[in-house]
Each structure stands twice: as C-alpha cells, then as structure tokens.
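To get this note's numbering, take the position in the sequence shown, counting from 1, and add 38.
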Amino acid sequence: MMPMTMEKRGAFRAGLRDGVPIAMGYFAVAFSLGIAGRNAGLTAAQGFVISILNHASAGEYAGITAIAAMAPYWELALTILITNARYLLMSCALSQRFSPETSLWHRLGVGFGITDEIFGVTMARMGAVEPVYTYGAMLVSIPSWAAGTALGIVAGNILPLRVVSALSVALYGMFLAIIIPPARRDRVVGALVLLSFLCSFALGRAAGAFRLDWLTGGTRVILLTVLLAGGAAVLFPIKEEECHGG
C-alpha cells in the first residue's frame with residue numbers, strides 16, 4: 039500500500055476537522071435513538087452494531103420500530119431500504135465528482151459512509167472528490183454515532199422510567215426539526231407531510247377495524263412512503279433548473 043502524499047494527508051486532516059461538529063451533533067441524536075432502542079429491548083452492543091452499519095436517524099428509527107413490533111426480516115429490510123433510498127441519489131451525485139482514476143473500492147467505501155451531513159461537506163469542496171477526505175469525516179462522525187446509540191441504551195437501563203419516557207420525546211422533536219423547515223418553504227411538501235399524518239392515522243384505524251393483522255406498522259410505512267412519494271413525484275415534479283439551484 040502506497041503512503042499518502044502531502045496533498046492527501048492534508049485532505050484527510052481536513053476531513054477529520056470537518057467531521058468534529060458532525061460527530062457532536064450525531065452523538066446527541068444517536069443518544070435519543072438509543073433510548074428508543076432500549077425500549078425495543080436492544081442491548082448496548084446490538085445498538086452499537088446497528089449504528090455502525092446504518093448511518094441514518096430515520097432509517098435506524100424505522101428499523102428499531104420494526105424490531106420492536108417483531109416484524110419479519112423482509113419487512114425490516116424493505117422498510118430500511120425505502121427510508122434510506124435518498125442515499126442512492128446522493129451516491130450517484132457524488133460519483134460524478136470522483137476522478138476517473140478513483141478505484142471501485144474507494145467508491146464503495148465512500149458510498150458506505152454517506153450521510154446527509156458528510157455528503158454536504160464533501161460536495162462543498164472544490165475540485166474532484168478525494169476519498170481520504172470523506173474517510174477522515176467518517177472516522178470521526180460514525181464512531182460517535184454508534185457510541186451515542188450504545189450509551190443511550192445504557193442510560194435507558196439505568197435512569198428512572200419517567201426520565202426515559204421524557205428523553206424518548208426528544209426523538210420526535212428531532213424529526214419535527216427535520217420536516218418543518220422544508221414544509222414551510224414548500225407548500226407541496228407541507229401538504230404532503232400533513233397528508234401522510236392523516237393517512238397513517240386512517241390506515242392504522244382501518245387495520246384495527248377490519249382485522250388486517252398482517253398490515254403491521256412497518257408495512258404501513260412502506261405502503262404510504264411508496265404511494266405518497268410516488269404520487270407527489272408524478273403530480274409535482276421538480277423542474278430541472280430547481281435541481282441545479284436556478
């Protein structure tokens with residue numbers, strides 16, 4: 039293995055530096071996920087492994103919810119796949135910034151660690167993407183994400199039940215912080231968020247009223263995500279100039 043050049047070492051150090059604030063934010067969010075994991079019966083080791091392999095709050099929460107509901111493996115896998123589908127698009131966009139000489143292994147390595155924040159800081163750099171920069175950001179942020187989840191589970195096992203219940207609310211606050219800003223900027227997104235709430239409630243009541251026991255919470259998430267997101271994409275497509283910031 040060839041030693042890193044001065045340029046690559048500089049890019050790696052820049053990735054480490056830019057990964058520090060990301061890691062701090064990840065730890066707080068992952069701690070709340072750990073509380074949810076504790077309520078689902080996960081151990082600290084299991085929570086750590088889950089977060090090392092899945093670097094997405096929404097996807098991980100969907101997975102934990104499916105685990106708590108004793109969902110079958112296919113439903114768990116499909117739920118996480120749909121919830122994390124945006125990372126496929128991010129990876130495709132990022133691949134256009136690689137140098138043609140970048141190996142397949144580097145492309146896969148960077149793709150494994152793509153998150154919203156790591157994607158943002160990587161795309162913000164000028165010129166071709168240097169994989170070692172992204173590795174630096176991943177090296178700091180992803181362990182912090184996994185450690186936050188594990189410590190959240192540990193704290194959930196130690197703290198009183200009332201405190202655990204209070205901390206569980208923090209996770210819903212995080213999701214509100216994610217959906218409210220885009221909903222305020224775009225009326226279509228806002229209407230879609232409201233419609234998703236109503237449809238989820240109605241589908242939950244319908245499943246109970248008509249004894250559709252097979253329609254679990256994870257299955258409802260899959261159905262609503264595909265139907266609502268697909269319908270919005272067909273009825274309200276994003277114009278090409280909007281995609282490029284024009």
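Glycine included, every Cβ here is placed at the ideal spot set by N, Cα and C. Model, not experiment: these values are computed from the prediction.
1) Determine the direct distance from the alpha carbon of Phe-136 to that of Thr-153, and round the result to whole angstroms.
2) At the level of alpha carbons, what is the spacing between Phe-69 and Thr-263?
3) DSSP three-state call for Phe-274: helix, strand or coil?
4) Answer with buried or exposed for Phe-65, where buried requires no fewer than 16 other C-beta atoms within 10 angstroms of its C-beta.
5) What span of residues does the alpha helix (DSSP H) with Val-159 cover, start to end?
6) Does the beta-carbon of Met-62 have 16 or more other beta-carbons within 10 angstroms, so that it is buried, or is it exposed?
7) Which residues does DSSP pair with Phe-136 in a beta bridge?
8) Can you tell me whether Pro-59 is helix, strand or coil according to DSSP?
9) Using a threshold of 7 Å, state whether the C-beta atoms of Val-178 and Leu-54 are closer than that.
10) Hey, out of Ala-78, Gly-85 and Ala-96, whose CA is closest to Ile-105's CA?
11) Short of 8 Å in beta carbon distance, which residues of its chain neighbour Ser-141, apart from the five on each side in sequence? Order them along the chain.
12) Just to confirm my understanding: we take Asp-224, look at its own chain, exclude 5 residues before and 5 after, and list those with CB closer than 6 Å. What are they?
13) If the criterion is Cβ atoms closer than 7 Å, does the pair Val-170 and Lys-46 meet it?
14) Give the C-beta separation of Ser-234 and Leu-266 to the nearest angstrom, bearing in mind that I take them to be a contact with Cβ-Cβ under 8 Å.
15) Out of Val-227, Ser-95 and Gly-186, state which residue places its alpha-carbon closest to the alpha-carbon of Ala-270.
16) Short check: CB of Ala-82 to CB of Ala-188, under 7 Å?
17) Identify the continuous alpha helix (DSSP H) that holds Thr-117 and give its terminal residues.
18) Just verifying my parser: in three-state terms, what is the DSSP assignment at Pro-220?
19) Report the option in Ser-95, Val-231, Thr-172 and Ala-52 whose CA atom is closest to the CA atom of Arg-124.
By the coordinates alone:
1) 17 Å
2) 26 Å
3) coil
4) buried
5) 154-161
6) exposed
7) Val-167
8) helix
9) yes
10) Ala-78
11) none
12) none
13) yes
14) 6 Å
15) Val-227
16) yes
17) 111-121
18) helix
19) Ser-95
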